[in-house]
Amino acid sequence: MRIASTKKIHAGTILAQTIYNENGVVLIKKGMRLTDKLLRRLLNNGITYIYIEDGTTPDIEVDQTIPDKLRLEATNMIKDTFIELKNAGLGQRSYILDKRSKELTNVVEQILSNIQENEKSLSLLADIFVSDNYVFQHSLNVTIYSLAIGVELNYSTKQLTEIGVGAMLHDIGKMFIDPAILQKPDKLSDEEFEIIKGHTQVGYDYLRKHQYMPTVISHCAYQHHERLDGSGYPRGIQGEEIHTYAKVIGIADVFDAVTSSRVYRDAMLPHEGLEILYAGAVNLFDKEMIEAFKRSVVAYPNGLTIELSDGRIGVVIRQNINLCDRPVVRILEESGKPVANPYEVNLERTVNVTVKDVLVD
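With full-length UniProt numbering, the residue at position 173 of the sequence shown is 173, and numbering never jumps.
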């Protein structure tokens, strides 16, 4: 199988990875031949990239980052909790979080255990779930990425549990924002953007009222948009004034935001998301944390077609642990011509060759 841009796929292409909705119901099953109608359905649901069957890559496998059962359990936990909180409103203190704190912690511990037991780097590109609300899937993805950074930085179990719950609830304030503004497909006005920015204050004020939530959890909601140079919000604090957990969640938040499809733009590929983070290293984000994140995620997922610096073209077939940008590539074309007998190049060992470009058309 290989990765292809949904916009570039023609009718008749065979889907190689089942697509589910947020309740675990199969929307399009692996092995189906895609019609124009199904392709429009994928695009309308914000699916920018999918895995398709390909004669040159039938043996390529995609590692599942989080088991489907656990992902669905976590997503539904977040969804049910957030909706209950929204329905209860901000007017009075709700005991929903107090009641659900143990369940949230349990889900975080399961995700953490899965990450710690799996030595392979994370690639959520293969976990294709269609959700009615971006906030739910985003909250789960940010939790996964934040825990991966924390594991790489050798945080204690207590710290990892706290940062996991903090990441899961970091956007809780968005549930109290007008959906018409939150999901607006056009450019936000200055007034609307200020309303969106207010989710950090709303989330903080809400979470700090709950006795079973450590204070640091509310600061995750409050500070995850703060930046090292003071250019963030809501307070414009900088450097060591920002809580460590918020720095980690801020990195995971940006990466998932740019690598997820939104109503106003297509998703970027993982290597593009990493480039954005590196552009902000030192000034915006903690460099050590970004390095830890780089060791934790896959920049060039299995099945991605790439061009190497020497002009050869191939498909990523395997990853090298802790070397997200140096995968194993099956060469399919060189000097502009197809290779009669495809062969492998391990970029971990071939240090004079780098990835020049990604080809998904």
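Just so you know, even glycine gets a beta-carbon here, dropped at the ideal spot from N, CA and C.
**Unbroken beta strand (DSSP E) run spanning tyrosine 204, endpoints** = From DSSP, tyrosine 204 is part of no beta strand (DSSP E) but of the alpha helix (DSSP H) over 199-207.
**Prompt:** Should the stretch 190-205 be called in touch with the stretch 174-181, which here means at least 3 C-beta pairs below 8 angstroms?
**Reply:** Three or more pairs of CB atoms, one per stretch, sit closer than 8 angstroms, so the stretch 190-205 contacts the stretch 174-181.
**Request:** On a CA-only basis, which of Met1, Val360, Gln64 is nearest methionine 268? Give me that one, please.
**Result:** Val360
**Item:** Exposed unless 16 or more other CB atoms sit within 10 angstroms - verdict on glutamine 116
**Value:** exposed
**Message:** Let's test the definition: count the other Cβ atoms within 10 Å of the Cβ of residue 363 and tell me whether it reaches 16, buried, or not, exposed.
**Reply:** Residue 363 lies beyond the residue range present for the chain, which begins at 1 and ends at 361; the question has no answer from this structure.
**Request:** List the residues that DSSP assigns as beta-bridge partners of residue 362.
**Result:** This structure gives no information on residue 362, because the portion of the chain shown stretches from 1 to 361.
**Message:** Does the structure place the stretch 291-307 close enough to the stretch 346-359 that three or more beta carbon pairs sit under 8 angstroms?
**Reply:** yes
**Request:** Report the three-state DSSP secondary structure of serine 139 (helix, strand or coil).
**Result:** Helix.
**Asked** From Ile195, Ser260, Tyr145, Lys187, pick the residue whose C-alpha is nearest to that of proline 234; which is it?
**Response** Ile195
**Prompt:** Is asparagine 154 helix, strand or coil when you go by DSSP?
**Reply:** coil
**Buried versus exposed, by CB contacts within 10 Å (16 or more), glycine 236** = Its Cβ having fewer than 16 others within 10 Å, glycine 236 is exposed.
**Request:** Measuring alpha carbon to alpha carbon, tell me which of Tyr245, Pro185, Val248, Glu84 ends up nearest isoleucine 172.
**Result:** Glu84
**Item:** Three-state secondary structure assigned by DSSP to arginine 33
**Value:** strand
**Asked** Span of the beta strand (DSSP E) holding glutamate 333?
**Response** 323-334
**Asked** What's the gap between the Cα of glycine 314 and the Cα of alanine 4?
**Response** 14 angstroms
**Asked** How about glutamine 17 and isoleucine 47: are their beta carbons less than 8 angstroms apart?
**Response** no
**Request:** Could you have a look at isoleucine 195 and say whether DSSP puts it in helix, strand or coil?
**Result:** helix
**Message:** Tell me whether lysine 294, by its Cβ, gets closer than 7 angstroms to a heavy atom of the ligand MG.
**Reply:** Only the bare structure without any ligand can be found here, which leaves the ligand MG out of the picture.
**Beta-carbon proximity check, tyrosine 278 vs isoleucine 290, cutoff 8 angstroms** = yes
**Request:** For asparagine 44, count neighbouring Cβ atoms within 10 angstroms of its own Cβ and tell me buried if that reaches 16, exposed if not.
**Result:** exposed
**Close Cβ partners of valine 258 (< 8 angstroms) along its chain, the five nearest in sequence each way excluded** = Ala267, Met268, Glu272, Gly273, Ile276
**Request:** Hey, could you find the ends of the beta strand (DSSP E) glutamine 319 is sitting in?
**Result:** 313-320
**Request:** Please work out which residues of its chain come closer than 7 angstroms, Cβ to Cβ, to threonine 207, disregarding the five sequence neighbours upstream and downstream, and give them in chain order.
**Result:** It should be noted that the sequence gives leucine, not threonine, for residue 207. Cβ neighbours of leucine 207 beyond the five flanking positions: Leu169, Ile172, Met213, Ile217, Ser218, Ala221.
**Request:** Pull up the CB-CB distance for valine 142 and isoleucine 249, whole angstroms please, since I reckon it's below 8 angstroms.
**Result:** 6 angstroms
**Item:** Whether serine 146 touches isoleucine 163 by CB criterion (8 angstroms)
**Value:** yes
**Message:** For glycine 232, count the other beta carbons within 10 Å of its own beta carbon; 16 or more makes it buried, fewer makes it exposed. Which is it?
**Reply:** buried
**Prompt:** If you pair each beta-carbon of the stretch 344-353 with each one of the stretch 318-335, do three or more pairs fall below 8 angstroms?
**Reply:** yes
**Asked** Hey, serine 296 and alanine 148: beta-carbon distance below 8 angstroms or not?
**Response** yes
**Message:** Based on DSSP bridge pairs, tell me the residues matched to serine 5.
**Reply:** Tyr49
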